[in-house]
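Encoded as structure tokens, the structure appears first; notes follow it.
Chains as they are written, first to last, in the working numbering: chain L, 1 to 262; chain R, 263 to 524.
Below, the structure written as structure tokens:
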């Protein structure tokens with residue numbers, strides 16, 4: 001299979017750098033083909049702007065989504081954007097690897113999402129009407145592909161637990177899992193999270209690699225998070241709210257996941 | 263009072279640009295002093311890296327937080343970073359204004375947070391021990407200052423409602439409200455959110471400006487979101503989980519807010 005790792009860390013000799021190298025080797029050893037978008041070493045341009053369209057008209061009012069739509073449809077996107085889109089088309093699985101900075105991804109990775117996720121490619125796909133709100137949340141260009149986050153944090157597991165002060169990790173990652181990965185159609189696997197990165201000795205590093213290796217070996221077997229599909233009957237359209245009989249009374253992120261009956 | 267608006271939109275002639283101009287005028291007319299960090303026009307550098315420390319040693323392994331600590335403590339930060347920190351010291355209130363892209367802030371604004379929020383300035387402040395986990399979440403360098411988000415989205419209100427498909431807006435903004443603003447000590451006001459930005463005519467624009475104007479007039483009167491202070495007894499230290507008798511049985515973001523008794 002083809003695996004794309006989009007990796008965002010400024011220091012190759014960091015824990016993130018070592019884990020990325022480990023992942024590449026493990027996946028290759030298992031017979032997969034691996035490509036890495038190392039955003040820092042590529043000097044990835046983070047901010048979306050008018051220069052992302054080669055047909056940009058400096059006099060025209062710039063509109064991030066309409067300019068993106070025009071450039072994508074006419075093949076006039078900046079080449080760095082279309083190259084990443086080609087990698088996504090090629091990939092059977094996507095891994096986003098990054099340190100959690102301020103409870104989200106580093107700016108350079110957010111800029112990869114903002115720019116590569118063009119209108120017509122990652123959103124604005126499919127019929128948009130009162131009866132159907134596009135191919136998204138379970139449908140879209142990435143259907144059939146899998147995605148997984150590999151995330152490091154300085155804090156402790158408990159700080160990110162169900163009652164931890166930072167908020168539960170699953171909720172902090174929901175905007176990425178559901179809003180960035182599930183939105184264009186990826187099947188989203190549970191994340192691989194490493195806590196307390198400043199306290200990693202050789203023993204712990206070995207154990208982290210073993211766990212990560214297992215997750216990579218299981219990439220095509222692991223059950224994805226069971227998010228609800230937008231267009232399969234659970235949501236009112238166009239309000240896009242859960243129907244009253246779906247997860248009745250429940251609010252918040254967890255209501256968008258189908259939990260096993262208990 | 264002194265108000266700093268950190269503004270992230272690539273097009274001055276956009277709705278965001280007009281709302282920013284409106285806010286500046288309204289605040290000035292009320293007698294406040296206003297400064298704007300217009301990140302796109304400043305060509306703000308988004309990715310944090312070794313060049314952010316003027317004493318950077320190319321041979322040394324770069325560590326985002328340790329390098330930030332050294333540069334902040336020794337006055338050897340990149341001047342664009344220290345200039346923004348000076349603005350934050352000067353400000354009585356901070357407004358972050360941006361379009362919600364992929365359920366979070368634009369990359370250029372995330373890069374402002376990643377770089378300006380130095381170790382010793384926004385984190386790593388105060389005593390760190392088994393009994394006290396720093397001055398944060400209600401304490402820290404920004405205590406006494408207020409902060410508010412001004413956010414625009416293309417989607418409908420209902421898509422961001424309690425049972426909306428994107429997740430509730432309050433939960434999507436929690437990592438920013440709590441993790442970025444409350445963390446270094448800001449009092450965080452409820453956000454000002456504009457939905458359905460592609461459907462704004464003159465009548466609606468006028469009404470949006472009236473509402474935003476009211477929020478700006480009330481900037482020093484509005485009740486902040488009642489997040490729980492880390493060091494005031496609600497959390498176990500160092501686990502940093504809510505004590506069993508605090509919001510008993512509750513999990514998730516909302517458990518970190520003190521709700522009025524019903």
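C-beta: ideal position from N, C-alpha, C; glycine also.
So what does DSSP say about residue i, is it helix, strand or coil?
i              : result
residue 314(R) : helix
residue 499(R) : coil
residue 231(L) : helix
residue 148(L) : strand
residue 288(R) : helix
residue 439(R) : helix
residue 479(R) : helix
residue 267(R) : strand
residue 361(R) : strand
residue 158(L) : helix
residue 119(L) : strand
residue 347(R) : helix
residue 371(R) : helix
residue 33(L)  : strand
Out of curiosity, what's the CA-to-CA distance linking residue i and residue j?
i              : j              : result
residue 482(R) : residue 408(R) : 8 Å
residue 85(L)  : residue 116(L) : 6 Å
residue 448(R) : residue 268(R) : 15 Å
residue 331(R) : residue 383(R) : 9 Å
residue 64(L)  : residue 105(L) : 21 Å
residue 458(R) : residue 333(R) : 43 Å
residue 518(R) : residue 440(R) : 9 Å
residue 456(R) : residue 2(L)   : 41 Å
residue 564(R) : residue 309(R) : The structure shown does not extend to residue 564(R), since chain R is modelled only from 263 to 524, so the question has no answer here.
residue 17(L)  : residue 406(R) : 40 Å
residue 212(L) : residue 192(L) : 7 Å
residue 35(L)  : residue 11(L)  : 19 Å
residue 386(R) : residue 295(R) : 30 Å
residue 497(R) : residue 172(L) : 19 Å
residue 101(L) : residue 249(L) : 34 Å
residue 4(L)   : residue 88(L)  : 7 Å
residue 303(R) : residue 214(L) : 46 Å
residue 251(L) : residue 419(R) : 15 Å
residue 204(L) : residue 141(L) : 39 Å
residue 233(L) : residue 131(L) : 11 Å
residue 432(R) : residue 365(R) : 11 Å
residue 160(L) : residue 60(L)  : 45 Å
residue 45(L)  : residue 108(L) : 7 Å
residue 290(R) : residue 223(L) : 55 Å
Find the nearest neighbour of residue i within the set the options, judged by alpha-carbon distance.
i              : options                           : result
residue 472(R) : 288(R), 521(R), 311(R) and 424(R) : 288(R)
residue 126(L) : 248(L), 203(L), 245(L) and 183(L) : 183(L)
residue 136(L) : 97(L), 37(L), 110(L) and 180(L)   : 180(L)
residue 461(R) : 336(R), 511(R) and 470(R)         : 470(R)
residue 310(L) : 232(L), 109(L), 30(L) and 142(L)  : Because residue 310(L) is not part of the residues shown, which for chain L are 1 to 262, the question remains open.
residue 410(R) : 451(R), 435(R) and 374(R)         : 451(R)
residue 231(L) : 133(L), 245(L) and 247(L)         : 133(L)
residue 259(L) : 247(L), 252(L) and 251(L)         : 247(L)
residue 523(R) : 495(R), 488(R) and 506(R)         : 488(R)
residue 299(R) : 319(R), 516(R), 353(R) and 464(R) : 353(R)
residue 9(L)   : 28(L), 96(L), 66(L) and 60(L)     : 96(L)
For a contact meaning CB atoms closer than 7 Å, what does residue i contact in chain L?
i              : result
residue 428(R) : 179
residue 447(R) : Here the premise fails: no neighbours, minimum Cβ distance about 15 Å.
residue 517(R) : 163
Starting from the beta carbon of residue i, find every residue of chain R whose beta carbon is closer than 9 Å, and list them in chain order.
i              : result
residue 59(L)  : Near residue 59(L) there are no residues of chain R at all, since even the closest Cβ is about 11 Å away, more than 9 Å.
residue 241(L) : 420, 421, 423, 424, 425, 426 and 427
residue 232(L) : Residues of chain R passing the Cβ test: none, with the nearest at roughly 12 Å.
residue 50(L)  : 272 and 273
Since residue i meets chain R, which of its residues come closer than 8 Å, beta carbon to beta carbon?
i              : result
residue 190(L) : Ordered by position in chain R, no residue passes the 8 Å Cβ test against residue 190(L), which lies about 18 Å from the chain.
residue 175(L) : 364, 365, 366, 429, 434 and 437
residue 40(L)  : 309 and 311
Against residue i, what residues of chain L qualify as contacts under a CB-to-CB distance less than 8 Å, listed in chain order?
i              : result
residue 370(R) : 46, 47, 107 and 111
residue 379(R) : 102
residue 457(R) : The contacting residues do not exist; residue 457(R) stays about 12 Å from chain L at best.
residue 269(R) : What residue 269(R) touches in chain L: nothing, since even the nearest Cβ is about 13 Å away.
residue 376(R) : 101, 102, 106 and 107
residue 444(R) : Result: empty, since nearest Cβ-Cβ is about 10 Å, beyond 8 Å.
Please indicate yes or no: does the CB of residue i lie closer than 6 Å to some heavy atom of the ligand GTP?
i              : result
residue 389(R) : Among the components modelled here there is no ligand, and therefore nothing to report on the ligand GTP.
Quick one: which chain R residues come within Cβ less than 7 Å of residue i?
i              : result
residue 26(L)  : The premise fails here: residue 26(L) is roughly 24 Å from chain R at the closest Cβ pair, so nothing lies under 7 Å.
residue 62(L)  : 272 and 273
residue 251(L) : 424, 425 and 430
Mind pulling the chain L residues with CB within less than 9 Å of residue i?
i              : result
residue 390(R) : By Cβ distance, chain L contributes nothing, its closest Cβ being about 12 Å from residue 390(R), past 9 Å.
residue 467(R) : Neighbours of residue 467(R) on chain L: none; closest Cβ ~15 Å, over 9 Å.
Which chain B residues sit within Cβ distance under 8 Å of residue i?
i              : result
residue 235(L) : Protein chains in the displayed structure are L and R, and chain B is not among them.
Self-check item: Touching by the beta-carbon criterion (3+ pairs, under 8 Å), the segment 281 to 290 of chain R and the segment 427 to 434 of chain R
Solution: no
Practice problem: Evaluate the contact criterion for the segment 304 to 315 of chain R versus the segment 339 to 354 of chain R: three or more CB pairs, one atom per stretch, below 8 Å. | Solution: yes
Quiz item: Taking contact to mean at least 3 C-beta pairs separated by less than 8 Å, is the segment 485 to 502 of chain R in contact with the segment 392 to 406 of chain R?
Solution: yes
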